[in-house]
Every structure is written in structure tokens, then in C-alpha cells.
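Residue numbers (this note's numbering): 1003 to 1074.
Even for Gly, the Cβ is constructed at its ideal location relative to N, Cα and C.
This report concerns only the one structure given below.
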């Protein structure tokens, strides 16, 4: 399997995880979600979204390199 395909799958998994944690934070209680405050969960969700975006940018970069035959 190509590196770009693996990076794309990881990006999708990170994106879905971020969506589910966001929904859990919004629908969760006022102060605690499994012992973690709502603000911390929302901040971690934002970081997961950034990881997903950055991984997808890396996957697109590797796809472009693979088209040109410059395999890293």
C-alpha cells in the first residue's frame, strides 16, 4: 500500500474521531465528560481536526510526488 493511501486513511480516522468527540462534548453534561472538563474536550477536538487537516495535506503532497516518480 502506498504511503499516501495510508496517510489518507489515517486522516479520515482522525476526522471521524474529532467529529465524535465534538458531538460527545456538545451532548455531554455541563461540567464533566468522563472526568474531563467540556472546555478541554473541545480544545482536544480542535487539535484532532488540525491533525486530520495536516495529515490530508501531507497525503496530497505524497500523491503529487508519487505521480512524478519521486518516492520518499
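Enclosing alpha helix (DSSP H) for residue i [first to last residue]
i: residue 1058; result: 1040–1070
i: residue 1008; result: 1005–1029
Option nearest residue i by Cα separation, candidates the options
i: residue 1023; options: 1055, 1050 and 1054; result: 1050
i: residue 1011; options: 1059, 1030 and 1029; result: 1059
Cα-Cα separation, residue i to residue j
i: residue 1018; j: residue 1070; result: 31 Å
i: residue 1020; j: residue 1048; result: 7 Å
i: residue 1066; j: residue 1056; result: 15 Å
i: residue 1064; j: residue 1027; result: 34 Å
| request: Count the CB pairs spanning the segment 1035–1044 and the segment 1003–1011 that are closer than 8 Å, and state whether there are at least three. | output: Contact between the segment 1035–1044 and the segment 1003–1011 is absent, because fewer than three Cβ pairs lie under 8 Å.
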